[in-house]
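So in UniProt numbering, spot 57 of the sequence shown is number 57, and the numbers just go up one at a time.
Don't be surprised by glycine CBs; every beta carbon is placed ideally from N, CA and C.
Just so it is clear, the structure is predicted and the values come from calculations on it, not from any experiment.
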Amino acid sequence: MAPKHPPRAGRGGRDLEVNPIFTREPLTVPRYRLPAGEMEPSTAYQVVHDELMLDGNARLNLATFVSTWAEPEARMLMAECEAKNMIDKDEYPRTAELELRCVRMLARLWNAGDPHHAVGCSTTGSSEAAMLGGLALKRRWRERRRAAGEPADRPNLVMGVNVQICWEKFANYFEVEPRYVPMEGDRYHLGAREAVELCDENTIGVVAVLGSTFDGSYEPVADIAAALDDLQARTGLDVPIHVDGASGAMIAPFLDPDLLWDFRLPRVASINTSGHKYGLVMPGVGWALWRDEEALPDDLVFHVNYLGGDMPTFALNFSRPGAQVVAQYYNFLRLGFDGYRRVQQTCRDVATRLAAEIDGLYPYYRLTGGGDLPVFAFRVREDFDGFTVYDVSAALRESGWLVPAYSFPENRTDLDVLRVVVRNGFGHDLAELFMDDLRRTTLRLRSQKQPHRDPRQASGFAHGAEPKKVQARKV
Ligand SMILES: Cc1ncc(COP(=O)(O)O)c(C=O)c1O
Numbered sequence: 001m002a003p004k005h006p007p008r009a010g011r012g013g014r015d016l017e018v019n020p021i022f023t024r025e026p027l028t029v030p031r032y033r034l035p036a037g038e039m040e041p042s043t044a045y046q047v048v049h050d051e052l053m054l055d056g057n058a059r060l061n062l063a064t065f066v067s068t069w070a071e072p073e074a075r076m077l078m079a080e081c082e083a084k085n086m087i088d089k090d091e092y093p094r095t096a097e098l099e100l101r102c103v104r105m106l107a108r109l110w111n112a113g114d115p116h117h118a119v120g121c122s123t124t125g126s127s128e129a130a131m132l133g134g135l136a137l138k139r140r141w142r143e144r145r146r147a148a149g150e151p152a153d154r155p156n157l158v159m160g161v162n163v164q165i166c167w168e169k170f171a172n173y174f175e176v177e178p179r180y181v182p183m184e185g186d187r188y189h190l191g192a193r194e195a196v197e198l199c200d201e202n203t204i205g206v207v208a209v210l211g212s213t214f215d216g217s218y219e220p221v222a223d224i225a226a227a228l229d230d231l232q233a234r235t236g237l238d239v240p241i242h243v244d245g246a247s248g249a250m251i252a253p254f255l256d257p258d259l260l261w262d263f264r265l266p267r268v269a270s271i272n273t274s275g276h277k278y279g280l281v282m283p284g285v286g287w288a289l290w291r292d293e294e295a296l297p298d299d300l301v302f303h304v305n306y307l308g309g310d311m312p313t314f315a316l317n318f319s320r321p322g323a324q325v326v327a328q329y330y331n332f333l334r335l336g337f338d339g340y341r342r343v344q345q346t347c348r349d350v351a352t353r354l355a356a357e358i359d360g361l362y363p364y365y366r367l368t369g370g371g372d373l374p375v376f377a378f379r380v381r382e383d384f385d386g387f388t389v390y391d392v393s394a395a396l397r398e399s400g401w402l403v404p405a406y407s408f409p410e411n412r413t414d415l416d417v418l419r420v421v422v423r424n425g426f427g428h429d430l431a432e433l434f435m436d437d438l439r440r441t442t443l444r445l446r447s448q449k450q451p452h453r454d455p456r457q458a459s460g461f462a463h464g465a466e467p468k469k470v471q472a473r474k475v
C-alpha cells in the first residue's frame, strides 16, 4: 500500500505546509513533485481551495472577454454533462444533435443563404476556430493554384496589425506569411484600401475582425468586401474574407441588424465566434461556420461513426468537454433573440455610459466609446505627464479591478491605453463602484510627481492584444 504523507516539516520552504489548522495531523505536501502517498479528499480540497483564494476575482476582471457569470440552470446542466465527451457522438447522440442545432441557429443568425447547407462545428474557442478557418482558406487557395498549374508554396494572409494573437499563431503554426496592415493616425484597425494593397496571387484570404481586441471597434467588413470585389474586377484575383467575430458575431446580429458584415456579403467565406464570450457560456466553447460546403474543402473533414451513420467532423482536438455545447444550446433556448438583444444592449448601455464618464474625468480621454463591442479604450492626455496608464492599471489592481494597460502596435506604438470590457454581469451598479474607485485612484495618482511605471511593468493580461512586428513585405 502506498505510504501516507510523512508528517515532517517543509523542505527549505519549497513544500506546502499543511499544519493542523485543518484539525488533522500536520503534514507537508510537495509542490512540484507527485506526492508519494494519499491524503484525505477534504484535506486535498482545502489545500487547493486555499491556494486559489489568491486568484483575482473573476467578476472584477475587466480585461477578459470571456464569461465570468452564468445562470444557475446553465451551470446545473454543465455539471450534469461533465462526463460527456464531445467526440463521442455515437454514445451521446443528443449532445451531438444540440451541437448541430446550435450550428443551424448561428447560420440563420449570420444570414447564410441556406442555413441547412451552411457547415460548421463547435470548437474550444475562437482560437481553434481561427485555425480551422485559416486552414480552409489555405487549402482552397492551394487547390486553385494547383488547378491553374501555378506554384502554391508561398501563401500569405492579409489582416490588420490589431488581430488577436491567435492569427499570429495560425500564420506561425501553418506556415503562412502574415501581412499586417499597420495602424495609421486615427485608424486603429484594418482599412479596405490598405488591405487590398497587400493582396496578391498568393493571398489565401483577408481576416476582418468584428471587433478589435485592442479597442472594441468593428472593422469595415462591407468596405473590405467591396474593395476586394473591385480588385477582382480589375485583376481577376478572387480573395475571400474570413470574419473573426470572436465577440462581435454575437453582438452585431442583435444590436446592429443593418450592418453588413456576415454571409449576406458573398465574399465572406467563413465566420468564427467564441460561445464563451458574448455567446454567454462559461469558458470552453467556440464556433466556426462556412457559408456552404464549397467553402470547406472536403479533404479537411474527418468522418466519425454517429448513430451507426457517418458524421463529418473538423477539429484540432479529439476529446473535448460536451458541457459547454449543452450550455450554449441552453442559452439559445432560454434567451432567444429578444433575450440576447436585452443582455447585449445592457452591456452596450453600461459601456457607453462608462466611457463617457471617463472621458469627462481629467486627465483621460476615450479612444473608442463602447458603441461597437461593449468595449472601450481610453488613454491619459498627451499633455499630462504625472502618471501613466500602467500606474493606473497597477493602482486599480489594489482594489481588485483588473484593467489591462498596453501599447498599440505599429504605427501607433506611441499610444498607451487602458481597456474595459463590459460583459453580462457587469451592470450599472458595479460600473458605478468601478467609477468611484477610478476617481479615488486618479486623485491619489495626481499627487505623484512623475510616472512610476512604463510598458515594461505592464501586467500580461491584455487578452491577446499584444503588439506584433509588421514585417517588411516579401516580394
Ligand atoms: C478578435 C479575437 N479573436 C480571437 C480571440 C481568441 O478567442 P478565444 O479566447 O476564444 O480563443 C479573441 C480573444 O479575445 C479575440 O478578441
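Are the beta-carbon atoms belonging to residue i and residue j less than 8 Å from one another?
i	j	result
G248	G211	yes
E244	V268	Glu is not the amino acid found at residue 244; the sequence shown has Asp there. Cβ atoms of D244 and V268: not closer than 8 Å.
A355	G370	yes
A222	W261	yes
G120	F263	no
L255	R341	yes
P451	T388	yes
residue 558	M282	In the structure as shown, the chain starts at 1 and stops at 475, and residue 558 therefore has no counterpart that could be examined.
F318	I165	no
L52	Y329	no
D383	L445	no
V403	S393	yes
T325	S122	According to the sequence displayed, residue 325 carries Val and not Thr. The answer is yes: Cβ separation under 8 Å.
V343	G427	no
P257	G284	no
A246	S274	yes
If you count every other CB in all the chains shown that lies within 10 Å of the CB of residue i, and 16 or more means buried, which is it?
i	result
V207	buried
L289	buried
M159	buried
K449	exposed
N202	buried
F434	buried
D429	exposed
K474	With a pLDDT of 40 at K474, under the threshold of 50, the modelled position of that residue is not reliable, and the figure given next carries that caveat. It counts as exposed.
F332	buried
R140	buried
R348	buried
T124	buried
T441	buried
Y364	buried
S447	exposed
In chain order, what residues of the same chain have a beta carbon less than 8 Å from the beta carbon of residue i, not counting five sequence neighbours either side?
i	result
S217	Y188, H189, G211, T368, D372 and L373
I241	G205, V206, V207, A208, V221, I224, A225, L228, L265, R267, V268 and A269
D55	none
E219	G160, H189, L190, A208, V209, L210, G211 and S212
A2	Confidence in A2 is poor, its pLDDT being 48 and thus under 50, which makes the residue's placement too unreliable to answer from.
E150	E201
CA-CA distance, residue i and residue j?
i	j	result
D359	R101	43 Å
A129	N272	6 Å
M131	L443	45 Å
K277	S67	5 Å
G425	A377	20 Å
V29	L418	40 Å
N305	D90	6 Å
D292	A323	27 Å
A171	D215	23 Å
F302	N85	17 Å
D238	R154	17 Å
Y32	L16	10 Å
M250	R453	36 Å
M78	N61	23 Å
P409	S399	29 Å
L361	A465	25 Å
A431	L316	38 Å
N162	E357	26 Å
Within a Cβ cutoff of 7 Å, which residues of the same chain sit near residue i, ignoring the five residues on either side of it in sequence?
i	result
L135	F174 and L300
P72	none
E184	N411
Once you ignore the five residues that flank residue i on each side, which residues in its own chain have a CB closer than 6 Å to its CB?
i	result
T346	none
N156	E177, R179, N202 and T203
P41	none
P455	S407
L231	V196 and L237
R104	P115
Tell me whether residue i, by its Cβ, gets closer than 7 Å to a heavy atom of ligand 2.
i	result
A246	No copy of ligand 2 occurs in the structure displayed; its ligands are ligand 1 alone.
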